[in-house]
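Below is one structure, written out as structure tokens; comments come after it.
Residue numbers (my numbering): 904 to 1024.
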């Protein structure tokens, strides 16, 4: 899911002011699909990484972290857009940073794939 997200964000970031409507729509569609595929897998891996009696706490921590990340990310994006001279240049930077974040998250998640879930027995 994170790789699909990165593939969707990159053409938008690279196009800058010359981004076409079809490129924007296709890229954002891929971002939506990527997020839709990644989110449940991330939550499941977080819950499976703890003992069964702490699964509720892990799910709550995941939810809280997701919401705090959304709030913080929105503030950062707003700051970038507000600080740039042209909105399109700021938006290109936002998409480029989103690409980098998606690639880093994908690499980290690949490192977590090899871990076995905690036994519930």
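Backbone N, C-alpha and C fix where the C-beta goes; we use that ideal spot for every residue, glycine too. Small disclaimer: the values here were computed from a predicted structure and weren't measured.
Using a threshold of 8 angstroms, state whether the C-beta atoms of residue i and residue j are closer than that.
{"i": "residue 905", "j": "residue 941", "result": "yes"}
{"i": "residue 949", "j": "residue 965", "result": "yes"}
{"i": "residue 916", "j": "residue 999", "result": "yes"}
{"i": "residue 1001", "j": "residue 910", "result": "no"}
{"i": "residue 953", "j": "residue 907", "result": "no"}
{"i": "residue 997", "j": "residue 974", "result": "no"}
Under the rule that 16 or more other beta-carbon atoms within 10 Å means buried, what is residue i, buried or exposed?
{"i": "residue 924", "result": "exposed"}
{"i": "residue 960", "result": "exposed"}
{"i": "residue 995", "result": "buried"}
{"i": "residue 944", "result": "exposed"}
{"i": "residue 930", "result": "buried"}
{"i": "residue 986", "result": "exposed"}
{"i": "residue 934", "result": "buried"}
{"i": "residue 1005", "result": "buried"}
Which residue marks the beginning of the alpha helix (DSSP H) containing residue i, and which one marks its end?
{"i": "residue 951", "result": "924-951"}
{"i": "residue 911", "result": "905-918"}
(Q) For a minimum of 3 consecutive residues, which ranges assigned as the beta strand (DSSP E) are wholly contained in the stretch 955-1000? (A) The stretch 955-1000 contains no whole beta strand (DSSP E) run of 3 or more residues.
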